[in-house]
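For reference, the structure is listed below as structure tokens.
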Amino acid sequence: MADIDQSWTWPVRWDPAVRWTTAGGFSPDSLLEHPDLVAHRMLDRLGAQAREVHRGAPEAEEAFRQSIGTLLAEAPWLVGSEAFTYQRDADAETHAAAEAEPGGPRHDPCCGAESDGNGLVDSCGVNLVLGVAARLTGMQGALVVGALSNVATAAETQLLDQLGDGAADHNAEADAPGRSISARPSDDGAAGTEFDGARDEFAVGSAAWASLSQLSERINLLGRPSLECIRLLGETTENILDSNPPPPEPNVVMSTTGITSVVTNDPCADQPKVAIHGSGFGSVRPPGLSVIAPWWDRTTGSVRYRVAKVLSWSNTLVNAELPPGSVGGTVAFADLDYIQAFNRWANIANDQIIKAMRAAGCPGWGPPQRPLAWPPYASTPTPTPAAKVDLGLPLITAAVTRNLSGTAVPAWSDTALHLQAGQEFWIVWKSANSVTGALKAVDAVSTQVLQAAGHPAEGVAGREGQVRLLAPSQPSILQFTVEAGNTVCGKRSVPLRLVVTGAALQQGPTITVLQSLPGGDVDLVNPGGAEALSPATGRSIPLVAEKRTVVRIDWWPAVAQVPVGEQLSAVATLRVINHGHPSLSGTLLPGTSTAQDPPMTSITLPSGPPFSSVEHYQQWVAQGNLPATFNVVMPADWCKSEVTLEATVVASAPKQSWTVAASRVAKFHHRRRVRIRYRRHTADDQPTPTTQEAVAAIRAAVAMLPIPDPEIVVLDNDPARPSSDYIADMIQERGGTPTADWRNEIWLVVGPPGVGSVVNQGSQPWTGSTEASAALAAHGIGHMFDQRDLGLCGAAHNPEEPSSFPDEGKLVVTGWDTYSNKTVPNGIDVMTFCWGKSWMTPERWRRIFLKVGP
23 MADIDQSWTW
33 PVRWDPAVRW
43 TTAGGFSPDS
53 LLEHPDLVAH
63 RMLDRLGAQA
73 REVHRGAPEA
83 EEAFRQSIGT
93 LLAEAPWLVG
103 SEAFTYQRDA
113 DAETHAAAEA
123 EPGGPRHDPC
133 CGAESDGNGL
143 VDSCGVNLVL
153 GVAARLTGMQ
163 GALVVGALSN
173 VATAAETQLL
183 DQLGDGAADH
193 NAEADAPGRS
203 ISARPSDDGA
213 AGTEFDGARD
223 EFAVGSAAWA
233 SLSQLSERIN
243 LLGRPSLECI
253 RLLGETTENI
263 LDSNPPPPEP
273 NVVMSTTGIT
283 SVVTNDPCAD
293 QPKVAIHGSG
303 FGSVRPPGLS
313 VIAPWWDRTT
323 GSVRYRVAKV
333 LSWSNTLVNA
343 ELPPGSVGGT
353 VAFADLDYIQ
363 AFNRWANIAN
373 DQIIKAMRAA
383 GCPGWGPPQR
393 PLAWPPYAST
403 PTPTPAAKVD
413 LGLPLITAAV
423 TRNLSGTAVP
433 AWSDTALHLQ
443 AGQEFWIVWK
453 SANSVTGALK
463 AVDAVSTQVL
473 QAAGHPAEGV
483 AGREGQVRLL
493 APSQPSILQF
503 TVEAGNTVCG
513 KRSVPLRLVV
523 TGAALQQGPT
533 ITVLQSLPGG
543 DVDLVNPGGA
553 EALSPATGRS
563 IPLVAEKRTV
573 VRIDWWPAVA
583 QVPVGEQLSA
593 VATLRVINHG
603 HPSLSGTLLP
613 GTSTAQDPPM
623 TSITLPSGPP
633 FSSVEHYQQW
643 VAQGNLPATF
653 NVVMPADWCK
663 SEVTLEATVV
673 ASAPKQSWTV
683 AASRVAKFHH
693 RRRVRIRYRR
703 HTADDQPTPT
713 TQEAVAAIRA
723 AVAMLPIPDP
733 EIVVLDNDPA
743 RPSSDYIADM
753 IQERGGTPTA
763 DWRNEIWLVV
773 GPPGVGSVVN
783 QGSQPWTGST
793 EASAALAAHG
803 IGHMFDQRDL
813 GLCGAAHNPE
823 EPSSFPDEGK
833 LVVTGWDTYS
843 NKTVPNGIDV
853 MTFCWGKSWM
863 TPERWRRIFL
873 KVGP
């Protein structure tokens, strides 16, 4: 359909009529309404309607049928007169029959041969109209079209007589034997005169002719260029040439004339020198004339031409230095300044003509059509063997796209592109200045991708090509190379590296709230009264208000899974919304250690190995592997009432980024605050623990316990003087007789390693001794809250049987050591003697939590 306007052959040629009138001394304008051309105009309008039928224009077929019907009804003499019975030739018969067949050809612009003759009636164009008429109206319609062409031919002969000898001489070629309807040969080979006897009957002014003239105006003109448009084109062209002529044309615009050979001694140099041999170059370089040579435009991935530096010029030899990036091809002489100037002028002039023709409604001038009265000069010379030179390395453009439309694949980094697992992609390549080329896989995974698409393992040969491939279903790195070579400078290759990532395994990161154990979803029932927990049992703990808390953000499963050899870098934020205390809301950042306060900037963490599922990831963690989680410290004074925690993680590759988020609610419950006072002591000539060691042990012990972060105060006389009973000394120091207020303070004497832990809550309440060990200190404080030993890892006083304790005292969740900044897996209950593994368990936390009370 897009070619119809250019390939359609019209049944009437108007250009010869303009030439005839000019040769006869008449104005071409006289043809616009010339009475002898009424049949031509009618035939021309039928041709326009037939063209619209081919174009598939709405209602075009019905308009054509109506026109033929009008002719048959009101001018029956066209097919009834023997003088004007159309004598169909073989091509017309065949074309009409083919058009009439269902599914037959709808357009054959040359009808099997070139259009012939210089007359106004074109046999090929008439045959096209005949075919449409035969298909839409039957042979009767085809006959009326043929008869109309005969009438036009008769009128054409009459017109030539009127115009005089000049016009007849100008049309002499039309009288030669051939296929032209305008001059059909007779049996003896002379020009046919079968219409001569009918002139009187259908002469201008006759009744038949008048009837035909009236009918012509009833046939709708659908798009044939009118004589007015032809005249407008001529006038506009003349005005442009008069008011703004083109730049003067030099003797040489672009040429290889005279060149017999082009040679170089350094074809692989960055700026090779060439010698252009030949003759007729002139002893002096003509003004404006340059040597141009092909070079590789990396921006467009194509060969273009640039000016070379002329080193010397003579009539038979020109030496030149080519610019960097030059490649093999035809070297030529060109006046680029003139070409650029002319092309600028032609662009403006063509725009003026198109604007005028469109304003006049002349068909064929678009939009979208854009005919050019002055085509621009080409920017490259015609390839010429004598002017060809071979030089330079092969040049390659290679691209990875999502489809053949060129949708770009996003970048992963400066040297790699990014694909998703299972994604379709195309590799498209093209080499220039080469004789060989291929796409090859670099590694085993990439080779499998090629083979899965039906290509050989050794690669896809070709100087250019395009292949459709499918990324692996698992995170991978694909590496291909596009190679090209020539006989002059060897081979060159372009690497293609693609990072294939897997989809995120879950919607967002996992948020875990930790106070030595994970919790936050346990409610306190009847606080201050007969308290209970809901749920009553379980592996989650009730959180304690005003206690340093760690929020762990586990993000690896929530972002794209990256292949081994690549990593994402991530940062995180935690927004805290405290519903009971809005002033305690804000944004916290993860730091390097939970023993420290929240930092001002987030640490950056790397992603880990790829996983196929959440279960796969969990199995990996269960095997003792540690993911890089973001651990955010919530200061103790922020941990009150109910809070909403909103975690956001931004994970990035050099040129890709993923933002994932999650939120959860955590509840903190008020517990009784306890102050801790301590004094250090020595034993068996062992050195007294330092103040830092003593405080660290106490702080780590209470971090393990369900009590608010206590005030830790050193007692007087620290370290203690040697004594046989440090605990009794403290009891006397406290007043000797316990009171109810003693429960608000715990007094500890802290000794060196090996002294163990001693607590006798019945006789010496809220007072005890411990070595500078978090586990032993926590164990001793546990006794103060009425916790019995659990019979594991050695002798114990009045122990509780492990079988009666949930999970037999084993830590089946992963704890968190806040001040050591590490996970605690596979621990044993703190009330055992398993000191190397001793840690709080959920059941123990719950029991002490209720004992601490409000």
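In my numbering, the protein residues as written are 23 to 876. Where a beta carbon is used, it is the ideal one built from N, C-alpha and C, also for glycine.
When DSSP states are grouped into helix, strand and coil, S556 belongs to the strand group.
Nearest C-alpha to L311 among W335, C290, P494, S324: W335. Here the C-alpha atom of D707 lies approximately 10 Å from the C-alpha atom of P744. Residue E83 holds the alpha-carbon nearest to the alpha-carbon of L158 among S145, V166, V173, E83. Here the stretch 514-528 does not lie against the stretch 558-573, with fewer than 3 beta-carbon pairs under 8 Å apart.
The beta-carbon separation of G587 and I499, rounded to 6 Å, stays under the 8 Å limit for a contact. Secondary structure of S89 (DSSP, three-state): helix. Boundaries of the beta strand (DSSP E) harbouring I314: 312-319, taken from the DSSP string. Rounded to the nearest whole angstrom, the CA to CA distance from E250 to A371 is 20 Å. In the three-state DSSP reduction, T469 falls in the helix class (H, G or I). With fewer than 16 other Cβ atoms from the protein chains shown falling within 10 Å of its own Cβ, K677 counts as exposed. Per DSSP, reduced to three states, the secondary structure at W769 is strand.
The residues G849, I850, in chain order, have a CB closer than 6 Å to that of K859 in the same chain once the five nearest residues on each side in sequence are set aside. Ranking G347, F355, Q470 by CA distance to the CA of N341 puts F355 first.
For P864, the enclosing alpha helix (DSSP H) covers residues 864-874. Going by DSSP, W838 is part of no alpha helix (DSSP H) but of the beta strand (DSSP E) stretching over 837-839. Closest option to E343, judged by alpha-carbon separation, among A378, V353, V296: V296. Here DSSP, grouped into helix, strand and coil, assigns M622 to coil. For the set L798, S795, A796, W764, the Cα lying nearest the Cα of G784 is the one of W764.
Taking Q162 as the centre and dropping the five residues before and after it, the same chain places no C-beta closer than 6 Å to its C-beta.
Segment contact: the stretch 487-507 against the stretch 459-468, three or more CB-CB distances shorter than 8 Å; contact assigned. If you draw a straight line from the Cα of G542 to the Cα of S556, it comes to about 12 Å. Counting along the chain, the unbroken beta strand (DSSP E) around H440 starts and ends at 439-442. Within the DSSP secondary-structure output, M656 pairs in a beta bridge with T571.
Selection V306, A378, V284, G778 evaluated against G350 yields V284 as nearest (Cα-Cα).
Beta bridge pairing from DSSP links P403 with no other residue. Here N266 is not bridged, per DSSP, to any residue.
In terms of Cβ geometry, H805 and V781 form a close pair [threshold 8 Å]. If one requires a minimum length of 4 residues, the alpha helix (DSSP H) runs lying completely within the stretch 716-765 are 748-755, in chain order. For A705, no beta strand (DSSP E) segment is defined, and its DSSP state is neither H nor E.
In this chain, the beta strand (DSSP E) harbouring I281 covers 281-286. DSSP places R686 within a strand segment (E or B) once states are collapsed to three. Contact between T286 and L413 holds: their C-beta atoms lie close to 6 Å from each other, under 8 Å. An exposed status is given to D747, since fewer than 16 other beta-carbon atoms sit within 10 Å of its beta-carbon. Here the C-alpha atom of A526 lies approximately 32 Å from the C-alpha atom of C661. Here the stretch 646-665 makes contact with the stretch 599-608; the two share three or more CB pairs at distances below 8 Å.
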